[in-house]
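Number of protein chains: 2
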Amino acid sequence: MDTGIAPKRGRGRPPKQRNGFSDTREALLRTGVEILTEKGFSATGIDEILRRVGVPKGSFYHYFDSKEAFGSELIDRYAAYFAHKLDRFLLDDSRSPLERIDGFIANARQGMARHRYERGCLVGNLGQEMGALPEAFRARLTQVFTDWQARFEACLLAARAAGEIPADADCARLAACFWIGWEGAVLRAKLERDPAALDLFADY
Amino acid sequence: MDTGIAPKRGRGRPPKQRNGFSDTREALLRTGVEILTEKGFSATGIDEILRRVGVPKGSFYHYFDSKEAFGSELIDRYAAYFAHKLDRFLLDDSRSPLERIDGFIANARQGMARHRYERGCLVGNLGQEMGALPEAFRARLTQVFTDWQARFEACLLAARAAGEIPADADCARLAACFWIGWEGAVLRAKLERDPAALDLFADY
DNA sequence: CATTTACTAGCCGATCAGTCTATTATTCGG
DNA sequence: CCGAATAATAGACTGATCGGCTAGTAAATG
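Read top to bottom, the protein sequences are chains Z and H.
Take our numbering: the last position of the first sequence gets the number 204, and nothing is skipped along the way.
Take our numbering: the last position of the second sequence gets the number 408, and nothing is skipped along the way.
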């Protein structure tokens with residue numbers, strides 16, 4: 001039932017798509033994130049992504065220099081998407097700081113459930129397999145964690161100012177601890193295909 | 205400088221080593237654990253293990269039916285080794301329950317430092333890449349976590365009985381939470397090649 | 001119409017997990 | 001003590017898949 005999809009590719013430069021655009025590059029990145037959050041970097045072959053998107057190999061290397069460059073862009077894209085999502089919750093003035101955090105957790109939980117707990121966190125996945133990854137990824141991945149922590153810390157500081165947490169709470173430490181534990185919880189939830197670990201950790 | 209090592213293999217069954225035994229099967233398993241704690245299952249080729257041990261392919265498939273069967277044994281071996289290590293600390297009568305836990309954490313920290321934070325937890329590694337692993341691993345891996353949690357819970361119960369933690373503490377939940385967070389901390393420590401995450405989480 | 005841009009088909013050498021045959025040391029039945 | 005069976009090794013080999021490359025085709029552009 002190729003309804004609209006399967007655009008019947010031909011040789012050479014494709015005719016300019018007036019609308020209903022099917023940006024090949026974009027599709028590769030989107031599908032790349034999907035598969036890598038499930039299986040990681042090393043275990044994912046380029047051919048698998050290509051097959052899923054319905055694009056030949058040549059196109060991939062037209063848009064990306066290498067698998068490493070592709071992975072790099074995936075990290076950037078995922079980090080940006082996630083930072084935006086964090087802001088959407090953690091900067092929501094209509095709720096108290098702690099409520100915002102709960103909102104984020106609930107949303108992330110829903111997200112995992114929607115994909116039947118088959119997808120984890122891209123940054124966590126790649127972090128775990130760093131031993132087999134291009135060394136350039138390391139700095140980028142830690143940097144992403146630092147960024148997420150900073151956003152979280154800001155929200156905790158607001159919570160402290162609002163008296164929702166003790167006045168002597170070390171918000172930077174708390175934020176760091178949250179992400180350490182959260183990544184652990186996502187890992188377990190994915191392994192067990194069960195949100196129990198997420199819920200358990202959410203009541204930290 | 206092949207001092208004693210490099211045993212100069214020849215064809216056919218090797219002469220029985222009176223002593224200074226070099227059990228091939230054992231060597232494969234030991235090296236397998238080493239490499240898999242660094243790079244995981246999918247990213248590790250059998251040839252790589254073979255090269256490191258200095259054993260030809262034929263020997264590998266003489267001892268193991270497949271890569272999957274090999275991986276299965278590695279999980280068992282690692283789980284047993286780790287359970288023994290846990291008991292060594294958590295059942296140490298000469299210290300208080302909470303001191304025992306601190307002892308285990310300190311030991312694990314040392315262990316990671318000794319390998320320059322290049323090796324993580326085999327169970328955590330494989331858990332993360334479950335999406336690309338034989339489905340049979342899933343049950344085994346969760347079972348290992350359950351086992352470790354039980355040992356930890358027993359120690360927490362002792363701590364509660366000794367008055368080291370509040371009498372209304374939910375030890376099962378605490379134990380589950382510990383392993384969730386601990387795996388997250390190990391992941392970060394490995395990614396950043398730095399024990400900061402371990403220390404941070406240790407003061408939970 | 002010539003050049004540039006956007007793209008694709010098909011192939012490459014390397015490596016993957018796994019198989020096969022050969023070779024030799026040991027074990028064991030008689 | 002001998003011969004058959006078996007255990008342990010060696011390493012060439014297979015088909016599939018890996019990441020990556022190249023030559024070329026067709027639309028867009030001037």
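Positions of the beta carbon are idealized from the N, C-alpha and C atoms, including for glycine.
By a C-beta neighbour count over all protein chains shown, 10 Å radius and 16 as the cutoff for buried, is residue i buried or exposed?
i	result
Z/I5	Unreliable positioning characterises Z/I5 in this predicted model, as indicated by a pLDDT of 39, which lies under 50. The coordinate reading is nonetheless provided below. Classification for Z/I5: exposed.
Z/M1	Confidence at Z/M1 is low in this model, with a pLDDT of 40, below 50, so the placement of that residue is unreliable and no value is reported for it.
Z/K216	Because residue 216 of chain Z is not part of the residues shown, which for chain Z are 1 to 204, the question remains open.
H/L290	buried
Z/P97	buried
H/T248	buried
H/E396	buried
Z/E48	exposed
H/L295	exposed
Z/S94	exposed
H/R304	buried
Z/E38	buried
Z/N125	buried
H/R323	buried
H/S246	buried
H/E230	exposed
H/Q409	No answer is possible for residue 409 of chain H: the residues shown for chain H start at 205 and end at 408.
Z/G163	exposed
H/G385	buried
Z/Y78	buried
H/G275	buried
H/G335	buried
Z/R188	buried
H/A193	Outside the displayed range of chain H (205 to 408) lies residue 193 of chain H, so it cannot be described from this structure.
Z/A175	buried
Looking at chain Z, is there any beta carbon in it that lies within less than 8 Å of the beta carbon of residue i?
i	result
H/F405	yes
H/K394	yes
H/Y267	no
Can you look up residue i in the DSSP assignment and give me helix, strand or coil?
i	result
H/E396	helix
H/G328	helix
H/I305	helix
Z/E118	coil
Z/R95	coil
Z/R11	coil
H/L337	coil
H/Y164	Any property of residue 164 of chain H remains undetermined from this structure, which presents chain H solely from 205 to 408.
H/I209	Note that H/I209 has pLDDT 36, beneath the 50 cutoff, so the model's placement of it is unreliable and the number below is only indicative. If DSSP states are grouped into helix, strand and coil, H/I209 belongs with coil.
Z/N19	Here the model assigns Z/N19 a pLDDT of 42, short of 50, so the residue's position is not dependable, and the following value carries that caveat. If DSSP states are grouped into helix, strand and coil, Z/N19 belongs with coil.
So that I know if they touch, is there some Cβ in chain H lying closer than 8 Å to that of residue i?
i	result
Z/I5	With a pLDDT of 39 at Z/I5, under the threshold of 50, the modelled position of this residue cannot be trusted, and the question is left open.
Z/L156	no
Z/A187	Rather than Ala, the amino acid found at residue 187 of chain Z in this sequence is Leu. Interface residue, yes.
Z/R151	no
Z/A161	no
Z/A197	yes
Z/E68	no
Cβ-heavy atom distance between residue i and the ligand MG below 7 Å?
i	result
H/T228	This structure simply doesn't include the ligand MG, nor any ligand for that matter.
message: Residues of the segment 328 to 346 of chain H in Cβ contact with chain Z at a cutoff of 8 Å, in chain order, please.
response: G328, N329, G331, Q332, E333, M334, G335, A336, R342, L345 and T346
- prompt: Can you list, in chain order, the residues of the segment 24 to 52 of chain Z whose Cβ is nearer than 7 Å to any Cβ on chain H?
  reply: E38, K39, G40, S42 and A43
task: Residues of the segment 306 to 323 of chain H with a CB closer than 7 Å to any CB of chain Z: list them in chain order, please.
output: E322
- prompt: Which residue spans inside the segment 227 to 270 of chain H form an unbroken alpha helix (DSSP H) run of at least 4?
  reply: 228 to 243, 250 to 257 and 261 to 267
message: Against chain Z, which members of the segment 274 to 299 of chain H pass a CB distance test of less than 9 Å?
response: none
- prompt: What alpha helix (DSSP H) runs, 4 residues minimum, are completely inside the segment 149 to 192 of chain Z?
  reply: 171 to 192
Where the segment 173 to 186 of chain Z meets chain H: residues whose CB sits under 9 Å from a CB there: R173, A176, C177, W179, I180, G181, W182, E183, G184, A185 and V186
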